[in-house]
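Numbering of the first sequence is given in this note's numbering, commencing with residue 345 and proceeding in unit increments. Glycine included, every Cβ here is placed at the ideal spot set by N, Cα and C. A quick note: this is a predicted structure, and the numbers were derived from the prediction, not measured. Heads up, the thing below is written out as structure tokens.
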Amino acid sequence: MHIGTLELTTRSTQQKPMEERYEPNKIEPKWRDEWERTDLYLTREEPGYPKFYVLEMFPYPSGDGLSVGHLHNYVPCDVIGRYKRMAGFNVLHAMGWDAFGLPAENDALLKGLHPKETVPRYAANFKRQLKLSGCAYDWTREINSSSPEYYRWTQWFFLMLYKRGLAYRAMGSQWWCDLCRTILANEQVVNGCCWRHTENPVTKKDLEQWFFKITAYADRLIEDLEGIDWPEPIKLMQRNWIGRSEGAELAFPISDHPGKEVRFFTTRPDTVFGVSFMVLAPEHPLVAEITTAAQRAAVEEYVTDARRQTEIERLSTVKEKTGVFTGAYAHNRFSNMDIPIWIADYVLMGYGTGAIMAAPGEDDRDFAFAKKYGLEIPVVTAPADGSSAPSDRALTDRGIAINSGFLNGMKTDDAIRAVCKYAEEHEFGKATVTYRMRDWLISRQRYWGCPIPILYCKTDGIVPVPDDQLPVLLPDMKDYQPSGTGRSPLANVPEFVNAICPKCGGPAERETDTLDGFACSSWYFLRFASPHYNDGPFEKRAGDYWLPVDLYVGGAEHAVMHLLYARMWTKVMFDTGLISFKEPFPVLRNQGMIWAGDGQKMSKSKGNVVTPDAMVEKYGADALRLWELFMGPFEEATNWNEDGVFGTARYLQRVWGVVRRYVEAGCPTGTPSAETIKRAHKTVRTVTDQVERMRFNTALATLMDQLNYLAKLTPAELGRFTIESYVLMLAPMAPYVGEEFWRELGHNKSIHLEAWPKFDAELTRDETVTVVVQVNGKVRDRLQVPAGMSEQANTELALKSEAVIKNLDGKAPRKVIYVPDKLVNIVA
RNA sequence: GCCGGGGUGGUGAAAUGGCAGACACAGAGGACUUAAAAUCCUCUGGGGCGCAAGCCCCGUGCGGGUUCGAGUCCCGCCCCCGGCACCA
């Protein structure tokens, strides 16, 4: 069991005296080696023993190495891991590499190297930097998503989804980045540009692609947000991204096209009597069919124009709505009017049915469009408060139906239900739900990714690769440049492409696209439980013990990518009975971004990256860690300022002095004063609470404050508990000096295996308290009184105060506010 | 435009509706030193009164409000950061 007891051995007299000055570079390598030699951070399952799984989002190992910004994530997690271990938990804290994907491939291409060489090299550098920084990982659990032992199971999961009908192939117009030379998922398109090339507008390309049916989980992904402890903004981003809308899908027949109809989705079916025109997306399949000869030229020009526009242009237009009349009409089944059908690019093919009913009296966009093209603007909703409807804008609020036949007088919600019921009875529509989120497009036409384990056979069609033939190995290619044609470079490797159909034994071709890197990271948290297991993605016993993750920490930028995908996979696994939990990360925290001193993003090209290596060399890893913790609340963004590291190094220097004096005095049991004892216990109480709440900045401030007190005492006045509890609390934050102090204090066991100090609540109780005395809410005096003094006694005392008498200026107190042991406010 | 998160000294920041600025950084002055570094001590929101101990006024983006009492709660603005962006 990795849990220590307080050994009260005295320091051996043969030991060398403590160095006068704290020199981190002398002690850090020593303890690093010692911890490694003794496998200090090795973790095993301990059934029946409480576990704690702390996890940081595993990084893509870049050639630039880690910056002090990355450590703002890793150091706090390390403190939590070390703290939890001391507090009696069996802690899992491991690290791995999100190694597949475009960044790694692009980097290698740029440098004329191969990712299979660069990735391990970069990962090794990250690992060295993390060790240098004193982070406690069980490195025997290191994983790499680009190793066959790992991606074999990524492929296994793909097949699991495929067999459950959750992976499918579909043709369609997809986002394409011509710098990445691959198709992208919706989530990877940011402001109309590629998420990796934020200046490069994406275009559309028609290709057949693989998708994961994440939309099938839309409702559960929303519902289950209720029960998890995540930052509210992240939950909100997920809800917005999924974009659930309740409404109705209805259909209107097209005049002069018997049997043809326009299906559309609306969230306001109650306004249907006010529908004066309809709008189709320019890409809508009906457009070609219904456009009249007279309008054909104009419509074709508009459609071509819309197609030519890049997404960024379509977004950046100043929202001036444009459109063209098709010449065709639809029949509004409710108002019995024939209404014109237009096309306009403000209607998106990718949402709902790609067609809308326009109710310009109740919708801003429809209003603007109707105004511009002189279309009718019927008003069918009156404000709920009885005022009259505005004429210069749409009334988008809910209200009362007017000019609406059988809906007249109904409240919006009742009218919605009535229309849905009517449509259902007359079989032209029904109440329905639509989502903004699209299915997750996972095909990538790139080399450095997990091969999709699928075969195409002439007789059997799409055939999954049997489990016992996994992994489908990524072939070793010298020239893996993306072609840009929409085909993966793997298509150029005949030995890879040509295979045998496992069903009929005939010739088959392999899928040559690779998986989106986010597939690899959708299950890695499970792999850490049993990273070397060969009979499944994870060993059940280990998985049951460690999972789910107790604390997950990473950047908010993954709100709608990784965090959504991993949740979906977890739900699929739950449904198959593979695991027994529905959410992978019940507690999530986002660390704040560290900007460079100039307020910009740290990047090599800007030359403003500060490396942990440089800081460790100059100030030591412990001082660097302390500044990472002290610079502000860890969830908030701030600018890097190296002067702070100098400050925390100076603090450690002072702790060193106090401990050294104590050690040199022979570690006396001493005779600490009541005040010293009280302060020691209060410090434990406060620091414990703050570390639990991840308020590392104030935890450290408490320790600094206590040091200022301790520095004034003689060794005998300090006493053993005072000094040892202090060192124990410092150890998770500053593991190297913590260890050094502990050994100097006479202990043989590592401090990181010891127990977190406990405080005696009785000893933290104050006998006297300071009571603030206010007159009319302004502080006029302070009284030192015994704790628990009665209101009456306190008030009497306050009224005797000279300052109070002076400020009352002869007036009689009207009222007295009394807060026990805190405050007396005399209102006159 | 909509949805979040913020706005407190020269700087990073503290503060269950109850002493605003803890703890630090930077700065100033002093001690030690031949000197410097390091270290230690003192001061450090603004303004005013006082020889002094001390006292008074103002102050948490701006304007209102609730309250005995507001950095904290409510209403209306302004600014910064992040997300979404014609989602029918």
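Item to complete: Check whether the stretch 868–877 touches the stretch 822–835, counting contact only when three or more Cβ pairs, one atom from each stretch, lie closer than 8 Å.
Response: By the C-beta criterion, the stretch 868–877 is judged not to be in contact with the stretch 822–835, since fewer than 3 inter-stretch pairs fall below 8 Å.
Practice prompt. Can you give me the Cβ contacts of Val1148 inside the same chain, cut-off strictly under 7 Å, excluding the 5 residues immediately before and after it?
Written response: Within the same chain, Val1148 has close Cβ partners Val1117, Val1119, Arg1124, Asp1125, Ala1142, Ile1170.
Worksheet item: If we ignore side chains and look at the alpha-carbon of each, how far apart do Thr661 and Ser490 end up?
Response: Per-residue confidence for Thr661 stands at a pLDDT of 49, beneath the threshold of 50, marking its modelled position as unreliable; the derived number appears in the next sentence. Whole-angstrom Cα-Cα distance: 42 Å.
Discussion item. Quick check: the Cα distance between Asp860 and Lys802, rounded to an integer number of angstroms?
Written reply: Each residue's Cα considered, the two are about 27 Å apart.
Discussion item. On the CB-based measure, 16 or more other CB atoms within 10 Å of its CB, does Asn1138 come out buried or exposed?
Written reply: Buried.
Worksheet item: With 16 other CB atoms within 10 Å as the buried threshold, where does Glu704 fall?
Response: A small fix is needed here, since residue 704 is Pro in this sequence, not Glu. Note on Pro704: 16 or more other CB atoms within 10 angstroms of its CB, so buried under the neighbour-count rule.
Discussion item. So if DSSP puts Lys1167 in a beta bridge, which residue, or which two residues, is it bridged to?
Written reply: Position check: residue 1167 holds Leu in this sequence, whereas Lys was assumed. Its beta-bridge partners are Val1116, Val1163.
Worksheet item: Of the residues Asp783, Asp482, Asp729, which one's Cα is nearest the Cα of Arg513?
Response: It is Asp783.
Worksheet item: Can you list the alpha helix (DSSP H) stretches of 4 or more residues lying completely in the stretch 868–922, in chain order?
Response: 868–871, 884–890, 906–920, all fully within the stretch 868–922.
Item to complete: With a threshold of 16 other CB atoms inside 10 Å of the CB of Tyr906, please say whether the residue is buried or exposed.
Response: Checking the sequence shown, residue 906 turns out to be His, not Tyr. Looking at its Cβ environment, which holds 16 or more other Cβ atoms inside 10 Å, His906 is buried.
Discussion item. Output needed for Asn1151: all residues of its chain with C-beta closer than 7 Å, excluding positions within five of it in sequence on either side, in chain order.
Written reply: Cβ neighbours of Asn1151 beyond the five flanking positions: Val1119, Arg1124.
Worksheet entry | Strand pairing of Lys774, partner residues [DSSP] | Note: Lys774 sits in a beta bridge opposite Glu593.
Discussion item. For the beta strand (DSSP E) containing Asp286, name the first residue and the last one.
Written reply: With the chain represented from 345 up to 1172, any question about residue 286 goes unanswered, as that position is not in the structure.
Fill in: Residue span of the beta strand (DSSP E) that contains Arg607, given as start and end
Per DSSP, Arg607 belongs to the beta strand (DSSP E) from 605–610.
Worksheet item: Between which two residues does the beta strand (DSSP E) harbouring Cys301 extend?
Response: Here the chain comprises residues numbered 345 to 1172, so residue 301 is not present and cannot be evaluated.
Worksheet item: In whole angstroms, what separates the C-alpha of Ala1156 from that of Glu1135?
Response: If you take the alpha carbons of Ala1156 and Glu1135, they lie about 18 Å apart.
Practice prompt. Note down, in chain order, each residue of its chain lying with its Cβ closer than 7 Å to the Cβ of Tyr690, except the 5 sequence neighbours on either side.
Written response: Closer than 7 Å at the Cβ level, and outside the excluded window around Tyr690, lie Lys665, Arg709.
Worksheet item: So, do the stretch 909–926 and the stretch 372–385 have three or more beta carbon pairs nearer to each other than 8 Å?
Response: Because the criterion of three Cβ pairs below 8 Å is not met, the stretch 909–926 and the stretch 372–385 do not touch.
Practice prompt. Tell me whether Pro815 is buried or exposed, calling it buried when 16 or more other Cβ atoms sit within 10 Å of its Cβ.
Written response: Buried: at least 16 other Cβ atoms inside 10 Å.
Worksheet item: The beta strand (DSSP E) with His675 in it runs from where to where?
Response: Going by DSSP, His675 is part of the beta strand (DSSP E) stretching over 667–675.
Item to complete: Drop a sphere of 10 angstroms on the beta-carbon of Tyr646, count the other beta-carbons inside from all chains shown, and report buried for 16 or more, exposed for fewer.
Response: Classification of Tyr646: buried, given that the 10 Å Cβ count is 16 or more.
Discussion item. Given a cut-off of 8 Å on the beta-carbon distance, is the pair Leu799 and Pro819 in contact?
Written reply: The beta carbons of Leu799 and Pro819 sit no closer together than 8 Å.
Worksheet item: Just reading off the alpha helix (DSSP H) that Ala1018 is part of, what are its end residues?
Response: DSSP places Ala1018 inside the alpha helix (DSSP H), whose first and last residues are 1018–1036.
Worksheet item: Grouping DSSP H, G and I as helix and E and B as strand, with all else coil, what is Asp600?
Response: Annotated three-state conformation of Asp600 is coil, per DSSP.
Worksheet entry | Gln1128: first and last residue of the uninterrupted alpha helix (DSSP H) it sits in | Looking at the DSSP string, Gln1128 is not in any alpha helix (DSSP H); the run it does join, the beta strand (DSSP E), is 1122–1130.
Worksheet item: Based on Cα-Cα distance, which residue from Asp422, Gly456, Pro464, Val423 lies nearest to Trp441?
Response: Comparing Cα-Cα distances from Trp441 to each of Asp422, Gly456, Pro464, Val423, the minimum goes to Pro464.
Worksheet item: Do Val1002 and Ala1075 have their CB atoms nearer than 8 Å?
Response: Cβ distance not < 8 Å, so Val1002 and Ala1075 don't count as in contact.
Item to complete: Rounded to whole angstroms, what's the CA-CA distance from Met959 to Leu551? Just pull it up for me.
Response: The alpha-carbon atoms of Met959 and Leu551 are separated by roughly 49 Å.
Item to complete: For Ala967, name the three-state secondary structure that DSSP assigns.
Response: Reduced to three states, the DSSP call for Ala967 is helix.
Worksheet item: With respect to the alpha helix (DSSP H) encompassing Leu528, which residues constitute its N-terminal and C-terminal limits?
Response: Secondary structure note for Leu528: it is in no alpha helix (DSSP H), and the uninterrupted beta strand (DSSP E) holding it is 526–528.
Worksheet item: Relative to the C-alpha of Ile424, which residue among Glu1088, Tyr896, Gly392 is closest?
Response: Selected option, being the one with the closest Cα: Tyr896.
Worksheet item: What are the boundary residues of the beta strand (DSSP E) that Glu853 is part of?
Response: 851–854 is the extent of the beta strand (DSSP E) around Glu853.
Practice prompt. Take Trp913 and list the residues in its own chain whose beta-carbon comes closer than 6 Å to its own, dropping the five residues that flank it on each side.
Written response: Non-local C-beta neighbours of Trp913 in its own chain, meaning closer than 6 Å and more than five positions away in sequence, comprise Ser866, Trp867, ordered along the chain.
Worksheet item: Looking at C-beta atoms only, is the number of pairs between the stretch 426–442 and the stretch 468–486 that lie closer than 8 Å three or more?
Response: By the C-beta criterion, the stretch 426–442 is judged to be in contact with the stretch 468–486, since at least 3 inter-stretch pairs fall below 8 Å.
Fill in: Local conformation of Ser924 per DSSP, three classes
The answer is coil: DSSP assigns Ser924 none of H, G, I, E or B.
Worksheet item: Is the distance from the Cβ of Phe995 to the Cβ of Met1073 below 8 Å?
Response: Looking at the sequence provided, one finds Tyr at residue 995 rather than Phe. The answer is no: Cβ separation not under 8 Å.
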